[in-house]
Each structure stands twice: as C-alpha cells, then as structure tokens.
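Numbering (this note's numbering), first residue to last: 15 to 272.
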C-alpha cells in the first residue's frame, strides 16, 4: 500500500480533489485528503464513503503549525505502527489579488506568501516524521508557471501569487539539497492552465473583455486531463526516471523554466 497525503482538496472542480480521485483509482494507493471543513466538501466526503482507500482529514489552516500537527495526528492514528507517508502533495493555495503592484496592500501580499509558500513548507515540516518512516519519501509541490522568472510573461497581474510560488520553488530546491542524503525527493510542478473555478475568476478579472468564451476556448485544459498528466508524467515519471528533481516540470512531462 502506497500512502498519500494531499492538501487543498475542498473544491469539486479543483486540482486537489480530482488528484484524490485519480490516485484512488489504484486500490494499492491509500489517500488522506485534507480539507478545511468536511461539511463544506460533501462531494469528497461522499467519494470517500464509496472508496475505502480514501480518508478525509480536517486541516483547518495550513499556515497554522498547531492545526497542521492535529492533521498529522489524525493521519497517524489511521496508520499501522510501522507505516509512514510515502508521497505528500502540498496542493493548498490561494489567489485573489488581480491588480497592479501599486494597488495591492501589504496585507494581501503577506497572506498570499503565507498560504502559498510558508503554508506548504509547514505541511512538509509536520509530516516529515511520518515520511521518514516510509521508503518512497517523495514530495510534489503544486506550483505555477506564473512563478517562473526566466520564463516570465508580462501582463498577468498576479504578483502576490506568482511571487509566493517563486519563493516556494526556491525552497523546493533547498530541500533537495538538504535532505537528499535521507532519500527524499522534491518536485515543483505546473499543473497547466486548468479550467477550474479559481482560474475562471482570475482570468476574467485579468481579461475583462473575454466575454462569454469558456476557458477551454482560449486554451485551458479540463481538470481531469491535468490530474491524469500529473499522475502519469510527474508522480510516475519521477519513479520511472523520466523526470528529475533538478528541473521545474509541466503537467505533460515537459520541462518548465525556473
């Protein structure tokens, strides 16, 4: 049994919840899916009831060390004494500030940085003891092409989100250097331009003249295609030697730019 923890799985149309469903297709995988409030994730709760290899775990705030530790304890209570977490996917994120830098408050910047960078690092820090017990020891951080500096695209007006994920990417590279000798592997990946609820809000704020066009009409992929690619090209790709921890990766297995 391969034990996964995936954070940020609240939304039915989101990457996190659909990753849970994709990974749970294999009965040899067991998925612990964290949500802020299970009562607000009825589709996931219903899915877990129908799939014995999925457990819903409450993680009220990824930026809280105490709340994250409580989630770790809840996961640990469901594991045998000799079991650990093989694969961690810190996927929790936040994006709302679609504006020019001069118009964004310090508070808004800080909240983006706290959730998207620090929150995902806290997740790993707290799950680290359980991961040390496993053989696989792989962490896949959901990042974004908006974080790319060498591949910077002007005009996206998502500085708080992009800069937070850029910080996360830097930390991923640091972690590979620090924990390689313990057998850990860390990957940052871009899930693609995905037609999620969050992306729809962000894109329409960025491009108000879009009109009635759907995201797929302007090049977005469906969430099912994204998570299938993440599983096959990123997670399986690392195990098959098709990708490495040295580079930033896209959902389809192509190299991105740091």
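Note that the Cβ used here is the ideal one computed from N, Cα and C, for glycine as well.
Note that the structure is a prediction, hence the values are computed from the model and not measured.
For residue 65, no alpha helix (DSSP H) segment is defined, and its DSSP state is neither H nor E. Apart from the 5 residues on each side of it in sequence, residue 243 sits with its Cβ closer than 6 Å to the Cβ of 265, 266 in its chain, given in chain order.
DSSP places residue 18 in the uninterrupted beta strand (DSSP E) bounded by 16-20.
Residue 120: member of the alpha helix (DSSP H) spanning 120-127, first to last residue. Annotation: residue 120 to residue 161 spans about 19 Å, alpha carbon to alpha carbon.
Counting C-beta atoms within 10 angstroms of its own C-beta, residue 100 has 16 or more neighbours from the protein chains shown and is therefore classed as buried. Residue 102 has 19, 153 as its beta-bridge partners, per DSSP.
Every unbroken stretch of the alpha helix (DSSP H) spanning 4 or more residues and falling wholly within the region 34-99 is given here in chain order: 56-64, 79-90.
Ranking 270, 222, 92 by CA distance to the CA of residue 47 puts 92 first. For the pair residue 76 and residue 137, the CB atoms are nearer than the 8 Å cut-off. Classified as buried, residue 177 has 16 or more neighbouring CB atoms from the shown chains inside 10 Å of its CB.
Boundaries cannot be given for residue 25, as no beta strand (DSSP E) includes it and DSSP labels it neither H nor E.
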